[in-house]
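Using the working numbering, read the sequence shown as starting at 1 and increasing by one per residue.
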Amino acid sequence: MKIFYSLISVLLSLFLAGCQEQSKVQMPQSRPLASDYKVFEAPPEPIMEPNENFIIDEPNDTLTLKDAAALTLLHNPVLKSYSWEIRAAEARQLQAGLWPNPTLDIGVENIISGFGLAETTIQLVQIIELGNKANKRKQAASIDQQLSGWDYETKRLEVFTNAGKSYFELLALQEKIEILSELVKISEASYESVAKRADAGKDSPIEKTKASIALSMVRLEYKEALQDAENAKKTMVSFWGSEEPKFKHAAGDLGAVSDVPEISVLKEKIAQSPQVARWENQIARGKAALELEKAKVLPDISLGGGGTNYNETGDTAFLFGISIPLPIFNRNQGGKLEAEYNISKSYELQKAARIEVMNQFNRIYTDLSISSDKIKEYRTSILPGAREVFNASQTAYVEGKIDYLNVLDAQRTYFLAQTGYIETLVSYHKAKTDIEGLVGESIESITAANNLKEDKNENESL
């Protein structure tokens, strides 16, 4: 019994020593973009059953861009899954620091003649990890947790920007519906005018047929735009996990644009892009893996202790043993070399990531600049000119100076100018949103900070 109680005491000591507290890991800081919105944070307690009765508080009438952003960041299912992945990484970090379990060996000998001559041996064996392996595993797992934080931040910005682009597409469709609604009214009035002239013999019946066809085509485009808008609403609400939209209208000014800052001002923010900034942790993870592989050079030893009880005499003999692997052939040479190669690989991937982000930035900035220039051209020249030609053609037709085909051509030109303007506005907002998502900060914030910096430098130079 002495042996039994002694082993219980040893087991209890090992249990208390092996209990690990989960250490707090410094997670990546959120980028400035949309950092003031509330996001879903996975609770420490897992949710084992889906909550089918969860109700999202959505607007019933008008949806603003802020509404869409807030709902997306708080309820987006994909973003929520990344938050749970952070919790899973926390659990892996906890597991990484745990000791190996001890083993309890019990053996009975000389039982052929009965238990009177039996020899009972009880032994406790514990693997002792040398080289501080547990802490090094835990350090590597901590960096993995930080990397899961970078994955979350990358996804947060991606979801936010995609929701924003979807919102601007919906605004554009609403603008297109208004234009087509106006065009339907104009086409109806034109048809009535042409019909009267044709019925009075002033125009050929063919002109009346042309006007009727034009009216039918505009009505079809109007119905198609209405359906596209309904689909866009469903796409919008899918960002926060809903299937059917409750809101009726998206409120916003699609024409609200600002000057594009110099490319050098925006390029300074490339380093804060999660796709670039994460690589410091990625390289640190490789170095932590190398330290762990180096620690594996020291073999783990097994310590055993216990005793044998001789039933015949009642004597007890205490036992102690140690098992030491000899690192003669396997000194983890391949594991260390692989970890070193992976570090070299990470440095190259870091360069590649920065180049890729820079290439994306250059493409998007070009789109943004072109869209900005086109918007100015539409506003100053194309739209006023198309409207003037359309009005003049209607007047000329009433006066009998041109046929209705010219009116249709002017009407189509005016419509294409308006829709082209809307498409350019959407391209502008999409490019602006993409750049902001790439660098993790709004262009307005970057511009304001740069202006403040220039003012400060100017004052210091005086």
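Think of the CB as a built atom: it goes at the ideal place given N, C-alpha and C, for glycine as much as any other residue.
| Check | Outcome |
| --- | --- |
| Top-ranked residue by Cα proximity to Leu-408, from Val-194, Ser-442, Asn-311, Pro-384 | Val-194 |
| Status (buried if at least 16 other CB within 10 Å, exposed otherwise) for Phe-320 | exposed |
| With 16 other Cβ atoms within 10 Å as the buried cut-off, status of Asn-451 | exposed |
| Validate contact between the region 436 to 445 and the region 380 to 394 using beta carbons, cut 8 Å, 3 pairs | no |
| Backbone CA spacing between Leu-74 and Thr-424 [nearest angstrom] | 31 Å |
| Reference Gly-334, options Glu-153, Lys-294, Ile-122, closest by Cα | Lys-294 |
| Enclosing alpha helix (DSSP H) for Asn-309 [first to last residue] | Where Asn-309 is concerned, there is no enclosing alpha helix (DSSP H), although the beta strand (DSSP E) it sits in stretches over 301 to 310. |
| Buried or exposed (CB count within 10 angstroms, at least 16 for buried), Lys-38 | exposed |
| Bridge partners - Thr-120, DSSP secondary structure assignment | Val-108, Asn-309 |
| Segment contact flag, the region 93 to 111 with the region 119 to 127, C-beta cutoff 8 Å, min 3 pairs | yes |
| Pair within 9 Å by beta-carbon distance, Ala-225 and Lys-176 | yes |
| C-alpha gap between Leu-292 and Asp-367, whole angstroms | 47 Å |
| Entirely enclosed alpha helix (DSSP H) segments - the region 34 to 90, minimum 4 residues | 65 to 75 |
| Among Glu-280, Gly-307, Ser-323, the one whose alpha carbon lies nearest that of Ala-317 | Gly-307 |
| At least three beta-carbon pairs within less than 8 Å, the region 266 to 274 to the region 180 to 196 | no |
| Which listed residue (Thr-161, Pro-77, Gln-95, Ile-324) has its alpha carbon closest to that of Val-125 | Ile-324 |
| Where Phe-318 falls: helix, strand or coil (DSSP) | strand |
| Enclosing alpha helix (DSSP H) for Glu-388 [first to last residue] | 383 to 398 |
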